[in-house]
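Below is one structure, written out as structure tokens; the observations come after it.
Protein chains: 2
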Amino acid sequence: MTQQINREIHLASRPRGWPTLDNFRLVETPMPEPAEGQVLVRNLYMSVDPYMRGRMNAARSYAPPYEVGRVMYGGAVGRVVASRTPSLSVGDVVLSGKGWREYFVSDGSNLERIEPRAPLSYYLGVLGMPGMTAYVGLYDLAQPKPGETVFVSAASGAVGGVAGQLARIRGCRVIGSVGSAEKLRHVRDDLGFDAAFNYRETSPEQALAELAPDGIDVYFDNVGGDHLQAAIGAMRLYGRITLCGMISGYNATAPEPGPNNLMLMVTRRLSMRGFIVSDHGDRQAAFREEVGGYLREGRLVVRETIIDGIERAPEAFLALLRGDHLGKLSLRLSGRAV
Amino acid sequence: MTQQINREIHLASRPRGWPTLDNFRLVETPMPEPAEGQVLVRNLYMSVDPYMRGRMNAARSYAPPYEVGRVMYGGAVGRVVASRTPSLSVGDVVLSGKGWREYFVSDGSNLERIEPRAPLSYYLGVLGMPGMTAYVGLYDLAQPKPGETVFVSAASGAVGGVAGQLARIRGCRVIGSVGSAEKLRHVRDDLGFDAAFNYRETSPEQALAELAPDGIDVYFDNVGGDHLQAAIGAMRLYGRITLCGMISGYNATAPEPGPNNLMLMVTRRLSMRGFIVSDHGDRQAAFREEVGGYLREGRLVVRETIIDGIERAPEAFLALLRGDHLGKLSLRLSGRAV
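As given, the protein sequences belong to chains A and B, one line each in that order.
Residue 1 is where the first sequence starts when you use the working numbering, and the numbers rise one by one after that.
Residue 1001 is where the second sequence starts when you use the working numbering, and the numbers rise one by one after that.
Spelled out as structure tokens, the structure:
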């Protein structure tokens, strides 16, 4: 029997400060019908990522904000379940940015067909946007050299966990910052970081003084705030800071003061660079090739948290912002029959 | 009759906050005698520069601090008045870092002999360290493209005035920030800036909103503080910030909060880079050639303030920190007979 209902998560209202479940709404819509030239895709996994918090605000950032009453866009892996175009066939696996919904139709122009060589959820994590963010931000922008010391914040997260491991593969000493004892154990014991600290127990400034007494050469920043200030203070000459995100400020209702030690940027000849991975599409093939190779060789440890059911996406997203989980957090959509 | 006395300015004590005349001492020492292999140099001009404030503190920065009871080092142009080495002759003009003194001896290893093609004082300004700072910081690091908008703070100063004119020569629209009505007139009417504002009357944030409503592409920062925050806020996508110095904080007794909008570094893909011109010695020949050419072609306007007498160096330096003067500030040492 054919399912007639599609379910989506819409932005119900814009949060001020921390989001709540009230900011989201589960909406049932009629099952979309592919027109001539279109496919119908059933999502299998969908991603929740920190950047989504920024799009819940009204202000345009690097992408338009989510619209109230419309679907939450974002990365998803799906399977073509009906095709009225020769370019895609039933059964094809596709990556899209169509986000928090069970089904959608598309003319295929914004779909990437993939030949899976790994679990499908990996294409939202280590082989997807977060992994490529780590790859581009670390290898292309910070360019760590063997023997250098690399500091990564949010080190057990989807981006930080890959960035730290890529730094290790490059022959660097890697220090991570995390927010719980469990994460501390994980990045040291599972991911192979050389050292790590729990910033809820030890300030980044104090921890870096202890764990990197000779300073750091690279900081991969996912956090901002006191982490960024401490990293600047610990930087060695010619150090590089890659700014990937600043989750410490995403739910602030007023701007927080920035680092008070920027004069060190001059005296130590530091550089700091922000980036958005979507600018670096030309690096995707190299990324999949290189990081895919590390995966197959067993040189990269992948940790995921998978939550079942689209209806749990809002609570999963709130947990993500609180930092409740290890590794990449994704939703698995129940395999209801079409 | 031979002068038997040399005069030097020593650091008498380290300031806390703004320096005062008490922090300096004019000291008479015996005229130094060149040994075999040495020259005796009489300084003709000596430089006072903002970076010297940093060296008055005890902490090591990119160079060792001045020592209490020892001479204030810095750029100077002098003439060889006695030589016991074949490598330099009496009459040769030399650039040194020997600083605030009338005479010194040297084995020549840290002297640069110059063939003057411009007034000697220019070798402390537009053709010296400040000019090269502007050249490297703007052309090599920020790399402005024709048609881009460039913002320069401390725009009437030794570095800012050159940086702004170099940006104009590169075909950019140039906006300057200054601290007085006279400087405002100067950078607009004499230096040819497209627009300028007096930050004591209009905040940098407001001024940039009015003068660069479509944003800026490059910020050449000599100031830090609210100028830096405003520049980040006004940056267009892929904007570049060159950090040359942060004079707004040099006399602070406690660290001031940094810019509260660094997340824009990510969303707008900005880069920020600090530098010290002495790292870029390999660019000196190209700098002298290119900027010397602009000077001879009359494409660069040079403004200097020259103060006579080594004994006035401390008051000149304090005036420099207050921003009392236009253009490069240098001391001319009285031509007493040897």
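Note that CB positions come from ideal geometry on N, CA and C, so glycine has one too.
By alpha-carbon distance to A209 (chain A), the top candidate from A:R55, A:A234 and A:Q143 is A:A234. For T133 (chain A), the secondary structure class from DSSP, reduced to helix, strand or coil, is helix.
Residue pairing of T305 (chain A) in beta bridges, as defined by DSSP: A:L329. Neighbours of I1216 (chain B) across chain A, judged by C-beta separation under 8 Å, do not exist; the nearest C-beta is about 16 Å away. A1212 (chain B) is classed as buried because its beta carbon has at least 16 other beta carbons within 10 Å across all chains shown. The continuous alpha helix (DSSP H) containing F317 (chain A) extends over residues A313 to R322. Rounded to the nearest angstrom, the Cβ distance from D1092 (chain B) to R1079 (chain B) is 7 Å, consistent with a contact under 8 Å. Here the stretch 1053–1073 of chain B lies against the stretch 1003–1018 of chain B, with 3 or more beta-carbon pairs under 8 Å apart. Contact annotation: N1251 (chain B) and S1153 (chain B) have beta-carbon atoms that are not nearer than 8 Å. Nearest in C-alpha terms to I1009 (chain B), of all of B:R1303, B:P1314, B:L1320 and B:A1118, is B:P1314. Here G239 (chain A) carries a strand assignment [DSSP, helix/strand/coil].
Collapsing the DSSP output to three states places E33 (chain A) in coil. For P19 (chain A), no CB of chain B lies under 8 Å from its own CB, so it is not counted at the interface with that chain. Under a 10 Å Cβ-count criterion, N110 (chain A) is classified as exposed, with fewer than 16 other Cβ atoms of the shown protein chains found around its own Cβ. Residue range S271 to G274 is occupied by the beta strand (DSSP E) that includes M272 (chain A). For a Cβ distance threshold of 8 Å, residue set V266, T267 and R269 of chain A lies close to I1276 (chain B), ordered along the chain. The alpha-carbon of G309 (chain A) is positioned some 12 Å away from that of S47 (chain A).
Per DSSP, reduced to three states, the secondary structure at Y250 (chain A) is coil, with no helix or strand assignment. If you check each beta-carbon in the stretch 1027–1047 of chain B against every beta-carbon of chain A, none falls closer than 7 Å. Among the residues facing chain B, P255 (chain A) is included, as its CB has a counterpart in that chain under 8 Å away. At a Cβ-Cβ threshold of 8 Å, L88 (chain A) and V39 (chain A) count as neighbours.
Taking the CA atoms as reference points, R240 (chain A) sits about 40 Å from P1119 (chain B). Using a Cβ-Cβ cut-off of 8 Å, N1261 (chain B) counts as an interface residue toward chain A, since at least one Cβ of chain A sits closer than that to its own.
Using a Cβ distance threshold of 8 Å, L1141 (chain B) and F1275 (chain B) count as a contacting pair.
Within the stretch 1090–1130 of chain B, the complete beta strand (DSSP E) segments of 3 residues or longer fall at 1093–1096, 1103–1106 and 1112–1114, listed in chain order.
Pairing A1134 (chain B) with F1193 (chain B) gives a Cβ-Cβ distance that is not under 8 Å. DSSP places N198 (chain A) within a strand segment (E or B) once states are collapsed to three.
DSSP places E8 (chain A) inside the beta strand (DSSP E), whose first and last residues are I5 to L11. Taking a contact as a CB-CB distance under 8 Å, the pair R1268 (chain B) and L1237 (chain B) counts as one, their CB atoms being some 5 Å apart. Assignment of A63 (chain A) by DSSP, reduced to helix, strand and coil, places it in the coil class. Taking CB atoms only, M1129 (chain B) has no neighbour in chain A less than 8 Å away. Between the alpha carbons of R1060 (chain B) and R188 (chain A) lies a gap of roughly 35 Å.
Look at the beta carbons and you see the stretch 1156–1166 of chain B touching the stretch 1177–1188 of chain B: at least three pairs across the two are nearer than 8 Å.
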